[in-house]
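Using my numbering, you'd call the opening residue of the sequence shown number 4 and step up by one each time. Note that beta-carbon positions come from the ideal geometry of N, C-alpha and C, so glycine has one too.
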Amino acid sequence: MDVRTKLIRRKILSLDDLPTISNNVQRLLSMLKDQESDMTQVILEINKDAILVSKILKLVNSGYYNMPQNVTNIDQAVNLVGYKRVWEMIMSTTFMDMMSGAEKSILKHSYACSILARDLVNQYQLRASENFQLTVLMHDIGKMVLREYNNATFNLSIKMAHAESLPVYFVEKKNLGITHSQAGCWLLEHWGLSEDQTKPVLQHHDIDADDYIVETAIIQVCDFVDNTVRGITVDKPHQLILEKAGLGQVDFYPMLIEHTNLLAEIEPDFEVLEKSQKSYKSAAVRSNEQRVN
Ligand SMILES: [Fe+2]
Ligand SMILES: [Fe+2]
């Protein structure tokens, strides 16, 4: 990391309005990470927070976990997804809560990407890290950080990217000196998340990756498909990373069609863009472009 980037990182991490996790949730999360914790006790603690419980149940019943039945309490949720994923359930709920205010469009994109990721892992039988679905859900959290860091320039970058049909990260780099991938990684590190989650977030707009290749490629595929369906310019994942991840044979065209149907199902205000539908074929075969940051 060069000196300028280090300075920006320090400035960002000292911001007063950086997204934070409440003390109670932080306490529950560290109890869940502690091998010595009694899980029955932790579940009792979660049940004391009625708002958190209702948020978890809303998420669990939303289709995010593909539950076979309606879930009415935390014990039932834990029985269905397993103890190990309670931490993930709370983190996912916390993230969605943060984004449900001013960042609704990021939340919609992130949520749709995480559903697509779950299906992709199942379809291609990928060996992704345990919390990959949460990683996908949080991959664009850096946009929220950049808004806090420099709202005016971040908004200008979004407008420029749209007007010039460029990926947002590319314009951010030019205007702010860093991208939302970097800012997101720094925030997740600051929260104490492990490398299997922070690294894929950092690399999600890179051409290649040395480690966490499967997780990085999953985000890139989902990001490309969801943004293309929404008519937003984004780079197509590079063939090299797709092959390394076991996704070399992925056929984007049917994925784009299926994802359009998914969005029409889960987003009441989703409008199928005529322009996007027509461009699916060319998007699916578009050659890889190498951007110079
Ligand atoms: Fe992104
Ligand atoms: Fe994204």
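When the five nearest sequence neighbours on each side are left out, the beta carbons in the same chain lying within less than 7 angstroms of the beta carbon of Glu270 are those of Lys111, in order along the chain. Every alpha helix (DSSP H) of 4 residues or more that sits fully in the stretch 68-134 is shown, in chain order, as 77-84, 89-102, 107-127. Here the distance from the Cβ of Ser108 to the nearest heavy atom of ligand 1 is not below 7 angstroms. Only residues of its own chain outside the window of five on either side were considered, and among them Cys116, Ser117, Ala120, Ile221, Ile222, Cys225 have a CB closer than 7 angstroms to the CB of Val139, listed in chain order. Fewer than three pairs of CB atoms, one per stretch, sit closer than 8 angstroms, so the stretch 85-93 makes no contact with the stretch 187-204.
In the DSSP annotation of this structure, the continuous segment of the alpha helix (DSSP H) that includes Leu159 starts and ends at 154-166. The beta carbon of Met42 is closer than 6 angstroms to those of Tyr86 in its chain, skipping five residues each way along the sequence.
Where Pro170 is concerned, there is no enclosing alpha helix (DSSP H), because DSSP gives it neither an H nor an E.
Here the stretch 143-152 makes contact with the stretch 11-27; the two share three or more CB pairs at distances below 8 angstroms. Asp229: member of the alpha helix (DSSP H) spanning 216-232, first to last residue. In the three-state reduction of the DSSP assignment, His207 falls in the coil class. Checking the 7 angstroms criterion, the Cβ of Asp226 is within range of a heavy atom belonging to ligand 2. For Asn27, the three-state secondary structure derived from DSSP is helix.
Taking C-alpha positions only, Tyr283 is separated from His262 by approximately 11 angstroms. Under the 10 Å beta carbon count, Lys162 is surrounded by fewer than 16 other beta carbons and is classified as exposed. The continuous alpha helix (DSSP H) containing Pro257 extends over residues 255-269. By the Cβ-count criterion, Val288 is exposed, with fewer than 16 other Cβ atoms from all chains shown falling within 10 Å of its own Cβ.
The way I'd put it, the stretch 100-111 doesn't touch the stretch 169-179; fewer than three beta-carbon pairs between them come closer than 8 angstroms.
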